[in-house]
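K.L.:
Before anything else, here's the structure in question.
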Amino acid sequence: MHYNWNWGIFWQESPDGVSTYMDTLLAGLKWTLALSASAWIMALIIGTVIGTIRTMPNKWAVRLANGYVELFRNIPLIVQMFLWYFVMPEIVPASVGNWLKSLPNASFITAFLALGFFTSSRIAVQVSAGINALPRGQKLAGTALGLTLPQTYRYVLLPMSFRIIIPSLTNEFAAIIKNSSVALTIGLVELTAATYSMREFTFQTFEALTGATVIYVIISAIALLLARWLEKAIAIPGFIAAGSANTGGH
Amino acid sequence: MFSNFDFDVIQRSWLYLFTTGMKFTLTLTLVAMIGGILFGTVLAMMRLSHNKAISLIATSYVNLIRSVPLVLVIFWFYFLVPYIGAWIIGASQPVQVGAFSSALITFILFEAAYYCEIMRSGIQSIPRGQVSAGYALGMNYWQMMGNVVLPQAFRNMIPILLTQTIVLFQDVSLVYVLGSVPDFVTVASKIAQRDGRLVEMYMFVAVVYFVMSFGLSTLVKKLQQRVAIIR
């Protein structure tokens, strides 16, 4: 059994002639971070709206929001990426479809939409769990003070529930960084894809994979530390870790 | 909108898709679930061990696996397993490992890290007094775990274990990145590319996954109400 280790490979010139293989990985990391961050913002906004609707008194709104959550949770992310990338441009009017296909960063934009919608359904579940974990009296107290229902959500329920669900949102944030790797299937050269191309050019398989693993471990450690700090900074004593939906997943 | 669609491609290939692709996906899901829960339980017991070294090994393993994407882990084991195989049987060349065994090893080792966390909270949900009672009755560690703690922990966690299994069922689709493993998505995309019918095929794949995952998670919810231990 022979494998020729060569850890110096990271500092050797890559086929583009100007940068090293380390730069290849870091360029991939940039796409991973850009995709995760942008999809996270989208997911947080839509997830909060949908998660809030799921706790409202209107039955039909709740059903619609539940349908949204089930739709995006029960189709594997890779299939959702294919739907946005291959199927969507074909079922919209031809002019829009051609415009979508001609976009310079088509794979980034489709990956952003797919990952954003996918994660939004998971965040929605957490947001509703957080609101439901609050004592019923908080909502009643809000309306008894003369706040309208939207005001009660805005000033009482949502600020409390977000503090409760920070640990599960941390998990979701770690998950979105990992899930962004699925974008390699539609041609985005993010960190995992960059690793794979480095492997194809050099055949230094295990060095390339180790490099990517170390980078992923470092970024999830940083994300975890930031979340701990955030949790401490905004905690209200006695209201942490009370409610998180156990939804499975990564 | 659907005027120039050709859903005939699905009629032609659905039987093949299910008997080859879906059969592979389901077999892999089931075997990886069993292997993952067994290995995950061992990891959970190691994490909760009083022996610092054992606990550290299990904790590092779980945290490492949980911080890297599944796609990367799939690549790792795809390239690593032939070398491990060669090392075990003492061969000088990397051994050829079949697609199924390679994918199976990957998913058992990967999902075990997630099952471990579920089993750990299951074990911790059993009151300490039961452990002491077990020891007081003269049981050793294995008897106490096997007869008192694990059966209850497992029962408490069945719904969450099954929810994680539905995630695993969806995760199997990621072996698509290897291109050579005949799971449902890979087989469907091969046919789609052969016939130039990506749109129809991927919509069909999405519908099949949706119906199966949604059906399974509804069953899990029903089961959750039935197995709940009334306290």
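If you read the protein sequences in the order shown, they are chains D and Y.
Heads up: the first sequence begins at 1 in this note's numbering, then just goes up one per residue.
Heads up: the second sequence begins at 1001 in this note's numbering, then just goes up one per residue.
We put the beta carbon where it would ideally sit given N, CA and C, even for glycine.
Note that the coordinates shown come from a computational prediction; the quantities given were computed from them, not determined experimentally.
#1: In chain Y, which residues lie with their C-beta within 7 Å of the C-beta of Ile78 (chain D)?
#2: Any C-beta of chain D sitting closer than 8 Å to the C-beta of Ala1058 (chain Y)?
#3: For the structure I just gave you, are there three or more beta carbon pairs, one from the stretch 1118 to 1133 of chain Y and one from the stretch 1156 to 1176 of chain Y, closer than 8 Å?
#4: Going along chain Y in order, which residues have a C-beta closer than 7 Å to the C-beta of Glu90 (chain D)?
#5: Does DSSP put Thr20 (chain D) in a helix, a strand or coil?
#6: With DSSP as the reference, please indicate the residues paired to Glu13 (chain D) in a beta bridge.
#7: Is DSSP giving Ala242 (chain D) helix, strand or coil here?
#8: Based on Cα-Cα distance, which residue from Y:Gln1193, Y:Val1073 and Y:Arg1197 lies nearest to Asn210 (chain D)?
#9: What are the residues of the stretch 1083 to 1116 of chain Y that lie near chain D, defined by any Cβ-Cβ distance shorter than 9 Å?
#10: Please decide whether Thr213 (chain D) counts as near chain Y, where near means a Cβ-Cβ distance under 8 Å.
#11: Measuring CB to CB, does Leu1064 (chain Y) end up less than 8 Å from Val217 (chain D)?
#12: Report buried or exposed for Arg199 (chain D), applying the criterion of at least 16 other Cβ atoms within 10 angstroms of its Cβ.
#13: Where does Ser251 (chain D) fall in DSSP's three states?
#14: On the three-pair Cβ rule with 8 Å, is the stretch 180 to 187 of chain D touching the stretch 32 to 52 of chain D?
#15: Report the neighbours of Ser220 (chain D) on chain Y: residues whose CB is nearer than 7 Å to its CB, in chain order.
#16: Report yes or no: is there a C-beta of chain Y within less than 8 Å of the C-beta of Glu13 (chain D)?
#17: First and last residue of the alpha helix (DSSP H) that includes Asp1008 (chain Y)?
#18: Apart from the five residues on each side of it in sequence, which residues of its chain come closer than 6 Å, Cβ to Cβ, to Gly243 (chain D)?
#19: Express the C-alpha separation of Gln1096 (chain Y) and Val1167 (chain Y) in angstroms, rounding to a whole number.
#20: Whole angstroms are fine: how far does the CA of Thr1041 (chain Y) sit from the CA of Ile1057 (chain Y)?
#21: Determine, for Val125 (chain D), whether the minimum Cβ-Cβ distance to residues of chain Y falls below 8 Å.
#22: Buried or exposed, going by whether 16 or more other CB atoms sit within 10 Å of the CB of Ala241 (chain D)?
#23: Would DSSP call Glu172 (chain D) helix, strand or coil?
#24: Among Y:Ala1053, Y:Met1022, Y:Tyr1209 and Y:Arg1047, which has the Cα closest to the Cα of Tyr1114 (chain Y)?
#25: Return the residue from the list D:Pro135, D:Ile78 and D:Arg136 that minimises the CA-CA distance to Phe112 (chain D).
#26: Determine, using beta carbons only, whether Ala242 (chain D) comes closer than 8 Å to chain Y.
#27: Based on Cα-Cα distance, which residue from D:Ala223, D:Thr205, D:Ile236 and D:Ile219 lies nearest to Asn6 (chain D)?
#28: Using a C-beta cutoff of 8 Å, does Leu209 (chain D) count as contacting chain Y?
P.N.:
If we stick to the structure as given:
#1: Numbered from its first residue, the first sequence carries residue 78 (chain D) at position 78. Those within 7 Å of Ile78 (chain D) in chain Y are Ser1173, Leu1174, Tyr1176 and Val1185.
#2: Against the second sequence, residue 1058 (chain Y) aligns to sequence position 58. So no, Ala1058 (chain Y) is outside the interface.
#3: yes
#4: In the first sequence, residue 90 (chain D) corresponds to position 90, counting from 1. Per Cβ cutoff of 7 Å: Val1199.
#5: To locate residue 20 (chain D), count along the first sequence from 1; it is residue 20. Reduced to three states, the DSSP call for Thr20 (chain D) is strand.
#6: Taking the first sequence and counting its residues from 1, the one referred to as residue 13 (chain D) is at position 13. D:Thr20, per the DSSP bridge assignment.
#7: Looking up residue 242 (chain D) in the first sequence gives position 242. Here the model assigns Ala242 (chain D) a pLDDT of 45, short of 50, so the residue's position is not dependable and the matter cannot be decided.
#8: Locating residue 210 (chain D) in the first sequence gives position 210, where the first residue counts as 1. Looking at the sequence shown, residue 210 (chain D) is not Asn but Thr. Nearest C-alpha to Thr210 (chain D): Y:Val1073.
#9: Tyr1083, Ala1086, Trp1087, Gly1090, Ala1091, Ser1092, Gln1093, Pro1094 and Tyr1114
#10: Sequence index remark: in the first sequence, residue 213 (chain D) carries index 213 (1-based). It does: the Cβ of Thr213 (chain D) has a partner Cβ on chain Y nearer than 8 Å.
#11: By 1-based counting over the second sequence, the position of residue 1064 (chain Y) is 64. By 1-based counting over the first sequence, the position of residue 217 (chain D) is 217. The answer is yes: Cβ separation under 8 Å.
#12: Reading the first sequence from its first residue, position 199 is the one you call residue 199 (chain D). Under this definition Arg199 (chain D) is a buried residue.
#13: Residue 251 (chain D) lies beyond the stretch modelled for chain D, which goes from 1 to 250, so this question has no answer here.
#14: yes
#15: Within the first sequence, the letter at position 220 stands for residue 220 (chain D). Correct list: Ser1067.
#16: Position 13 of the first sequence, counted from the start, is the residue given in the question as residue 13 (chain D). Output row for Glu13 (chain D): interface = no.
#17: Here the question's residue 1008 (chain Y) lines up with position 8 in the second sequence. Here the alpha helix (DSSP H) through Asp1008 (chain Y) covers Asp1008 to Tyr1016.
#18: Sequence index remark: in the first sequence, residue 243 (chain D) carries index 243 (1-based). Reliability fails at Gly243 (chain D), whose pLDDT of 47 lies under 50, so the model's placement of it is uncertain and the value that follows must be treated cautiously. Excluding the 5 residues flanking it on each side, Gly243 (chain D) has same chain C-beta neighbours closer than 6 Å at Ala129, Gly130, Ala133 and Ile164, in chain order.
#19: Here residue 1167 (chain Y) corresponds to residue number 167 of the second sequence, with the count starting at 1. Here residue 1096 (chain Y) corresponds to residue number 96 of the second sequence, with the count starting at 1. So the two alpha carbons sit approximately 29 Å from each other.
#20: Mapped onto the second sequence, residue 1057 (chain Y) falls at position 57. Mapped onto the second sequence, residue 1041 (chain Y) falls at position 41. Their backbone Cα atoms lie some 14 Å apart in a straight line.
#21: The residue labelled residue 125 (chain D) in the question sits at position 125 within the first sequence. No - not a single Cβ of chain Y is within 8 Å of the one on Val125 (chain D).
#22: Start at 1 with the first residue of the first sequence, and residue 241 (chain D) comes out as number 241. At Ala241 (chain D), the pLDDT of 49 sits below 50, so the modelled position is not reliable; the number obtained from the coordinates is stated separately. Counting Cβ neighbours within 10 Å, Ala241 (chain D) comes out exposed, since fewer than 16 surround it.
#23: Counting from one through the first sequence, the residue named residue 172 (chain D) turns up at place 172. It is helical.
#24: In the second sequence, residue 1114 (chain Y) corresponds to position 114, counting from 1. Distance check between Tyr1114 (chain Y) and each of Y:Ala1053, Y:Met1022, Y:Tyr1209 and Y:Arg1047 places Y:Arg1047 closest, using alpha-carbon atoms only.
#25: As a first step, residue 112 (chain D) must be located in the first sequence, where it is residue number 112. Taking only the C-alpha atoms, the option nearest Phe112 (chain D) is D:Ile78.
#26: For the purposes of this step, residue 242 (chain D) is identified with residue 242 of the first sequence, where counting begins at 1. Note that Ala242 (chain D) scores a pLDDT of 45, beneath 50, so its modelled location is shaky and nothing firm can be said.
#27: Start at 1 with the first residue of the first sequence, and residue 6 (chain D) comes out as number 6. The residue with the shortest Cα to Cα distance from Asn6 (chain D) is D:Thr205.
#28: As a position in the first sequence, residue 209 (chain D) is number 209, starting the count at 1. Yes, Leu209 (chain D) lies at the interface with chain Y (some Cβ there is under 8 Å from its Cβ).
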